[in-house]
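Numbering (the working numbering), first residue to last: -8 to 153. Where a beta carbon is used, it is the ideal one built from N, C-alpha and C, also for glycine.
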């Protein structure tokens, strides 16, 4: 088996490795920035407009994390259980946001801004949220998830012509 690469293939392979190691974000020929977010609310929480909240979260994901708006998926769920404790005490106003993004596609600063702006928005929609209202950004390796039957890593490799 021949493992030699020509200069064009070496360049593509080098760029692909750089992207996976997040050493050079500028070399990406195609942004693969797919997110999924789930906002979980306590049983007693009622949003003024769940549709507007989903839209606002999509806007924040697109603007702060630079994700493609049309590929952003958001779900909002109310827990059926009336018990959600914070600090050992049952709380009525509770929320938690999980967002899943491809590893290495966001800087520390982007994530910091996103968490801050989402918390500001949630406080504007839900009164009396406890300090322990968590926003968790899960970074998933591109080989471990995808959409439309293709992993993010495969999309990345195809965009480099590999």
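- Assignment of beta-bridge partners to residue 138 by DSSP yields 141.
- A Cβ-Cβ separation of about 4 angstroms places residue 84 in contact with residue 119 under the 8 angstroms criterion.
- Between residue 55 and residue 104, the gap from beta carbon to beta carbon is short of 7 angstroms.
- Here residue 143 is buried: its Cβ has 16 or more other Cβ atoms, across all protein chains shown, within 10 Å.
- Within the DSSP bridge table, the entry for residue 89 names 29, 127 as partners.
- In this chain, the alpha helix (DSSP H) harbouring residue 109 covers 99 to 116.
- The C-alpha of residue 139 lies about 11 angstroms from the C-alpha of residue 62.
- Counting along the chain, the unbroken alpha helix (DSSP H) around residue 54 starts and ends at 41 to 55.
- DSSP, reduced to helix, strand and coil, places residue 37 outside both helices and strands of the structure shown, so it counts as coil.
- Restricting attention to 35, 26, 31, 25, the CA atom closest to the CA of residue 125 is found in 31.
- Residues 65, 67 of the same chain have their beta carbon placed closer than 7 angstroms to that of residue 45, with the five preceding and five following residues left out of the count.
- Taking C-alpha positions only, residue 77 is separated from residue 122 by approximately 9 angstroms.
- Collapsing the DSSP output to three states places residue 74 in coil.
- For residue 146, the secondary structure class from DSSP, reduced to helix, strand or coil, is helix.
- Secondary structure note for residue 94: it is in no beta strand (DSSP E), with a DSSP letter that is neither H nor E.
- By the Cβ-count criterion, residue 79 is exposed, with fewer than 16 other Cβ atoms from all chains shown falling within 10 Å of its own Cβ.
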